[in-house]
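S.K.:
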Amino acid sequence: MSRKYPIISVTGSSGAGTSTVKATFDQIFRREGITAVAIEGDAFHRFNRAEMRDELARRYAEGDQTFSHFSYEANELGELERVFRDYGETGKGRTRHYVHDAAEAERHGVPPGEFTAWKPFADGSDVLFYEGLHGAVVNDQVNLPALADLKIGVVPVINLEWIQKIHRDRATRGYSTEAVTDVILRRMHAYVHCITPQFTETDINFQRVPVVDTSNPFVARWIPTPDESLVVIRFKNPRGIDFPYLTAMIQGSWMTRANSIVIPGNKQDLAMQLILTPLIERLVSTARKLRA
Ligand SMILES: Nc1ncnc2c1ncn2[C@@H]1O[C@H](COP(=O)(O)OP(=O)(O)OP(=O)(O)O)[C@@H](O)[C@H]1O
Ligand SMILES: O=C(CO)[C@H](O)[C@H](O)COP(=O)(O)O
């Protein structure tokens with residue numbers, strides 16, 4: 001937790017939509033004149049693609065069928081914690097990119113499945129923005145939520161998450177449905193043990209729920225659209241959240257619990273802007289005063 005150099009952490013499983021949500025944050029940062037440095041969770045994978053394949057084979061041969069990119073040990077979470085801590089104390093830090101596909105390879109000049117070199121953050125930022133798989137991990141080695149000032153969970157219900165992952169990995173990463181299905185199965189153990197516990201640590205969760213039939217996500221021909229879904233928004237601590245204002249501004253929304261509202265799927269961007277802008281604005285203006 002840092003007041004001088006705040007950190008925003010957006011956590012979601014693979015395909016949950018954290019990259020999509022980043023666009024909403026970028027819009028808020030631009031409109032509010034906030035300079036952010038961004039890190040992607042995949043930059044903190046421990047292995048490149050070839051090394052990961054070897055590590056998986058090695059562990060399989062030893063009878064470990066639970067290892068995957070979701071596992072703590074497949075990621076440099078100690079390094080991520082160090083970056084969070086350094087940034088919180090000094091406004092400095094470093095990151096790199098894990099290159100997934102040909103388009104990213106072209107942009108970064110590194111082949112798919114490899115990392116770029118580490119690079120320091122640009123000086124003079126207001127906020128560090130993390131988006132990835134492990135932004136709210138608490139285990140016996142790291143405590144990331146303790147270092148982040150605003151923690152967001154992006155968690156579609158699981159059928160929808162799978163549909164989003166299958167479609168994205170097929171469309172932009174060149175995988176077959178069968179290959180993605182294998183990955184989903186292989187990651188299930190760590191999904192339960194490493195991914196889901198984070199969503200009790202997050203301050204606000206956005207859970208997209210389709211209102212069309214997704215009973216067999218492996219044959220869905222398209223991703224349910226925003227008009228075909230609702231979003232449940234849950235606040236860990238609802239104190240200070242102006243629910244009457246939110247339900248008045250977001251047409252078609254209603255409260256389902258004392259700390260939860262439901263909105264039409266096509267209002268997610270608006271809801272995020274209404275909810276997050278004052279929180280971000282407060283973090284940044286306090287930080288700027290402390291740094292002055
Ligand atoms: N609210 C939404 N409505 C419709 N489609 C969405 C929504 N959010 C995400 N998607 C779609 O789901 C797919 C996965 O989204 P995205 O790439 O943002 O996931 P991610 O969490 O960043 O995944 P990864 O961490 O594996 O990169 C994309 O095809 C995206 O367009
Ligand atoms: O999105 C992911 C995790 O967030 C990817 O599955 C992970 O980064 C491995 O990528 P690849 O299968 O392209 O080597």
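Residue numbers for the sequence shown follow full-length UniProt numbering, so the first one is 1 and each next one is one higher. Just so you know, even glycine gets a beta-carbon here, dropped at the ideal spot from N, CA and C.
Using a Cβ-Cβ cut-off of 6 angstroms (strictly less than) and excluding sequence neighbours within five positions of F47, which residues of its own chain qualify?
M.R.: Correct list, in chain order: E55.
S.K.: Report all residues from its chain with a CB closer than 6 angstroms to the CB of V231; omit the five preceding and five following residues, and keep chain order.
M.R.: Cβ within range, chain order: F206, R208, I263, G265 and Q268.
S.K.: Which residue comes first and which comes last in the beta strand (DSSP E) that contains K151?
M.R.: Taken as a continuous stretch (DSSP letters only), the beta strand (DSSP E) holding K151 covers L150 to V154.
S.K.: Spatial neighbours of residue 293 within its chain, please: C-beta separation below 6 angstroms, excluding the five flanking residues on both sides.
M.R.: This structure gives no information on residue 293, because the portion of the chain shown stretches from 1 to 292.
S.K.: Considering only heavy atoms of ligand 1 and the C-beta of each residue, which residues fall inside 6 angstroms, strictly closer?
M.R.: Taking each Cβ in turn, the ones that pass are G12, S14, G15, A16, G17, T18, S19, T20, Q164, H167, R168, R208, I223, P226 and Q268.
S.K.: What would DSSP say about N259, mapped onto helix, strand or coil?
M.R.: In the structure shown, N259 sits in coil (DSSP, three-state: anything other than H, G, I, E or B).
S.K.: Given 8 angstroms as the limit, tell me if L77 has its C-beta closer than that to any heavy atom belonging to ligand 2.
M.R.: Outside the cutoff, so no.
S.K.: Can you grab the Cα-Cα spacing for the pair L283 / S229, in whole Å?
M.R.: If I take the Cα positions, the gap works out to 31 angstroms.
S.K.: Determine the closest residue to V110 out of V99, W118, K119 and P120, with distance taken between C-alpha atoms.
M.R.: Considering only alpha carbons, the answer is V99.
S.K.: Would you call the stretch 154 to 164 in contact with the stretch 208 to 228, where contact means no fewer than 3 C-beta pairs closer than 8 angstroms?
M.R.: Output reads yes: the stretch 208 to 228 touches the stretch 154 to 164.
S.K.: Rounding to the nearest angstrom, what Cα-Cα distance links R239 and E114 in this structure?
M.R.: Distance between the alpha carbons of R239 and E114 is about 44 angstroms.
S.K.: Decide if Y245 is buried, meaning its Cβ has at least 16 other Cβ atoms within 10 Å, or exposed.
M.R.: So Y245 ends up on the exposed side.
S.K.: Write down the C-beta distance between A148 and I7 rounded to the nearest angstrom, noting that I regard them as a contact closer than 8 angstroms.
M.R.: Contact flag correct, Cβ pair sits at about 5 angstroms.
S.K.: Please state whether DSSP places V21 in a helix, a strand or coil.
M.R.: Helix, per DSSP.
S.K.: Looking at C-beta atoms only, is the number of pairs between the stretch 11 to 24 and the stretch 119 to 138 that lie closer than 8 angstroms three or more?
M.R.: Touching, yes, given that three or more Cβ pairs across the two stretches are closer than 8 angstroms.
S.K.: Just to confirm the assignment, what range does the alpha helix (DSSP H) spanning R107 have?
M.R.: That run of the alpha helix (DSSP H) goes A102 to H108.
S.K.: Please report the distance separating the alpha-carbon of A117 from that of H108.
M.R.: Spanning the two alpha carbons is a distance of roughly 10 angstroms.
S.K.: Would the beta-carbon of G153 be found less than 8 angstroms away from any heavy atom of ligand 2?
M.R.: For ligand 2, not one heavy atom lies less than 8 angstroms from the Cβ of G153.
S.K.: Within the present structure, is the beta-carbon of H193 separated from the nearest heavy atom of ligand 2 by less than 8 angstroms?
M.R.: It does not: the Cβ of H193 is nowhere closer than 8 angstroms to a heavy atom of ligand 2.
S.K.: Going by DSSP in three states, Y87 sits in which element: helix, strand or coil?
M.R.: Helix at Y87.
S.K.: Cα-Cα, which of T214, S9 and Q251 is closest to V37?
M.R.: That would be S9, whose Cα lies nearest to the Cα of V37.
S.K.: If R170 and T181 are in contact, beta carbons under 8 angstroms, what's the gap, nearest whole angstrom?
M.R.: Contact doesn't hold; Cβ gap of about 11 angstroms is too wide.
S.K.: Please report the distance separating the alpha-carbon of I261 from that of N237.
M.R.: Using only the alpha carbons, I get a separation of about 13 angstroms.
S.K.: Ignore the nearest five residues each way along the sequence and tell me which others in N159's own chain have a CB closer than 8 angstroms to its CB.
M.R.: Cβ within range, chain order: P210, T214, S215 and P217.
S.K.: Only counting the same chain, and skipping five residues up and downstream in sequence, which positions put a Cβ closer than 6 angstroms to that of D126?
M.R.: Around D126: I34, T35 and V284.
S.K.: Based on DSSP bridge pairs, tell me the residues matched to W254.
M.R.: Partner(s): V262.
S.K.: Within its chain, find whatever has a CB closer than 7 angstroms to the CB of R3; leave out the 5 residues flanking it on each side and keep chain order.
M.R.: Cβ within range, chain order: T286, A287 and L290.
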